[in-house]
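Data first, discussion second: the structure below is written as structure tokens.
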Ligand SMILES: Cc1cc2nc3c(=O)[nH]c(=O)nc-3n(C[C@H](O)[C@H](O)[C@H](O)COP(=O)(O)OP(=O)(O)OC[C@H]3O[C@@H](n4cnc5c(N)ncnc54)[C@H](O)[C@@H]3O)c2cc1C
């Protein structure tokens, strides 16, 4: 008798019994952790303490074979499947309820080839671990700005960091990736091989498979001229207007951020942070007008190791906090927009919260919006309200404040949202995140994951699912 088959031609799901589970555990090199295990509590934790889900199984993958077996096991038993890289996403979709969580964080292999300037990195690495290895050779690539973030989720969504002006996004620096597909097969994706998949994983998130390793192009990065200037919140108009003009004119070597928040002393404060990654004397000249502007409360811009810069904000994001983020893109910083931000920040319910503008420009913005799946190629700011607090009882107040500020800022947005900043915000927002590339991503989903096995992400529903759902 022939088994019934799904659209991939694979046998249809069968119910799970104890022998299946034992067989699965025995077939793994890594650990299979179930709820009775002492390690379960820690293994299911992700960065955002608002997320509290209990998978039926957690596989701590030791290598590619474990990933392939995990994918096969989830598919053949119809289990929800979540993929954890660094576990740092605020949406928290790395952990699932009642299904199989494939935890890639034990996979931390990394090989730097200093001659070819390439790093081959497994998907469980954090940014800090990656930078540590590549900086030993005076090399780096664009990643994010907090060292405990995972390279996997960050790169698959785009990856915006201090080197974006000179070297583009993290995904722009990908040379290849190894991807385990919904069929449990390992594919190599490059510009020449499975090039449609390679296009899709550079901005399309985890929709098409599990990436087990990435090869990145590296660049010489020595000491950088970096740090920040701070000003009282009462000077928001002068400071942010000047900042905007300065940022607009800055060279590729310089990338900037601005944020509004509360100082450790409890005062409203604006911070402008910078990283100049070219010759330091030229950096001093370029930064001159910014450092000479107004009367900053502090100026701690200095030459520093790139790894020092990359871990500088870590203390501001300790584990165990609750997070609720809302985000979009801003092209202009009008008087009115500055007014709204300053007013809301002066009434922030949590002193740990910040409102940030992360500059995207130069090489990152010159890539054609359809060249990779990441569509938001422009000279603009990734505008982000990063609300964080400790106590569950404070959740409602913080969420409400965040939504209210986001609503007040909406008239100023350019539209779109960075997929890695999205929470659970509904299908329209997911479409906004994939922008002009959505239709092409939809077709790709139909090819590589027609049954939507990889659905616990900012999900692109395959045509088979969208066809049957009512249009709202
Ligand atoms: C404090 C903080 C600072 C941040 N700063 C930046 C920044 O400067 N720049 C920036 O670009 N982003 C930044 N981010 C956002 C960051 O890019 C996302 O949170 C990203 O998802 C983190 O990746 P991760 O692997 O740690 O997350 P995870 O939570 O492990 O994964 C997120 C999702 O990615 C998918 N995924 C993860 N690994 C794989 C894999 N191997 N294969 C297939 N799919 C996978 C899954 O769908 C998963 O749900 C920041 C986030 C935080 C919390």
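In my numbering, the protein residues as written are 7 to 478.
Cβ coordinates follow ideal geometry from the N, Cα and C atoms, glycine included.
Because the structure is a prediction, the values reported are computed rather than measured.
(1) Which word fits residue 474, buried or exposed, when buried means at least 16 other C-beta atoms lie within 10 angstroms of its C-beta?
(2) For the stretch 153-231, which segments carrying the beta strand (DSSP E) assignment without a break, of at least 3 residues, lie completely within its bounds, in sequence order?
(3) Would a C-beta distance cut-off of 8 Å place residue 312 and residue 278 closer than the cut-off?
(4) Does the distance between the C-beta of residue 1 and the nearest non-hydrogen atom of ligand 1 fall short of 7 Å?
(5) Is residue 248 near ligand 1, going by C-beta to nearest heavy atom under 7 Å?
(6) Report yes if the CB atom of residue 164 is closer than 8 Å to the CB atom of residue 440, and no otherwise.
(7) Under a Cβ-count criterion, where at least 16 other Cβ atoms within 10 Å of its own Cβ denotes burial, should residue 128 be classed as buried or exposed?
(8) Quick check on this structure: which residue in 33, 72, 35, 94 has the alpha carbon closest to the alpha carbon of residue 55?
(9) Which same chain residues end up closer than 7 Å to residue 172 when comparing Cβ atoms and leaving out the 5 residues on each side of it in sequence?
(10) Could you tell me whether the stretch 227-241 touches the stretch 182-190, where touching means 3 or more Cβ pairs closer than 8 Å?
(11) With a threshold of 16 other CB atoms inside 10 Å of the CB of residue 243, please say whether the residue is buried or exposed.
(12) Under the three-state reduction of DSSP, which class applies to residue 7: helix, strand or coil?
(13) Measuring alpha carbon to alpha carbon, tell me which of 381, 145, 91, 102 ends up nearest residue 117.
(14) Leaving aside the five residues before and after residue 192 along the sequence, list all residues of the same chain whose C-beta is less than 8 Å from its C-beta, in chain order.
(15) Under 6 Å Cβ to Cβ from residue 304, same chain only, skipping five residues before and after it: list those, please.
(16) Would you decide whether residue 212 is buried or exposed? Buried here means 16 or more other CB atoms lie within 10 Å of its CB.
(17) Between the Cα of residue 336 and those of 344, 446, 178, spot the shortest distance and give me the residue it belongs to.
(18) Among all the DSSP beta bridges, which residues are the ones paired with residue 246?
(19) My guess is that residue 422 and residue 340 are in contact by the Cβ rule of under 8 Å, so how many angstroms apart are they, rounded?
(20) Is the closest heavy atom of ligand 1 to the C-beta of residue 85 under 7 Å?
(21) For residue 66, does the count of other Cβ atoms within 10 angstroms reach 16, so buried, or fall short, so exposed?
(22) Report all residues from its chain with a CB closer than 6 Å to the CB of residue 467; omit the five preceding and five following residues, and keep chain order.
(23) From this set, 119, 215, 26, 92, which residue's C-alpha is nearest residue 82's C-alpha?
(24) Using the rule of at least 16 other Cβ atoms within 10 Å of the residue's Cβ for burial, across every protein chain shown, is residue 251 buried or exposed?
(25) Please tell me whether, using a cut-off of 7 Å, the distance from the CB of residue 459 to the nearest non-hydrogen atom of ligand 1 is below it.
(26) What does DSSP give as the partner residue(s) for residue 238 in the beta ladder?
(27) Nearest to residue 122 by alpha carbon, out of 33, 265, 222, 432?
(28) Quick test of the definition: if touching needs 3 or more C-beta pairs under 8 Å, does the stretch 347-361 touch the stretch 265-272?
(29) Go to residue 58, then tell me how far its alpha helix (DSSP H) extends in each direction, as first and last residue.
(30) Drop a sphere of 10 angstroms on the beta-carbon of residue 155, count the other beta-carbons inside from all chains shown, and report buried for 16 or more, exposed for fewer.
Concretely, from the data shown:
(1) Unreliable positioning characterises residue 474 in this predicted model, as indicated by a pLDDT of 48, which lies under 50. A coordinate reading is not provided.
(2) 180-186, 192-195, 216-223
(3) no
(4) Outside the displayed range of the chain (7 to 478) lies residue 1, so it cannot be described from this structure.
(5) no
(6) No, Cβ-Cβ distance for residue 164 and residue 440 is not below 8 Å.
(7) buried
(8) 94
(9) 258, 259, 283, 368, 369
(10) No, they do not touch.
(11) exposed
(12) Per-residue confidence for residue 7 stands at a pLDDT of 38, beneath the threshold of 50, marking its modelled position as unreliable; no derived number is given.
(13) Selected option, being the one with the closest Cα: 145.
(14) So the qualifying residues of the chain are 70, 74, 184, 185, 186, 218.
(15) 236
(16) Around the C-beta of residue 212, 16 or more other C-beta atoms lie within 10 Å, and the residue is accordingly described as buried.
(17) 344
(18) Bridge partners of residue 246: none, in fact.
(19) Not confirmed; about 18 Å, so no contact.
(20) The answer is no for residue 85.
(21) With 16 or more other Cβ atoms within 10 Å, it is buried.
(22) none
(23) 26
(24) exposed
(25) no
(26) 275
(27) 222
(28) Output reads yes: the stretch 265-272 touches the stretch 347-361.
(29) It is not in any alpha helix (DSSP H) - residue 58 carries neither H nor E in the DSSP assignment.
(30) buried
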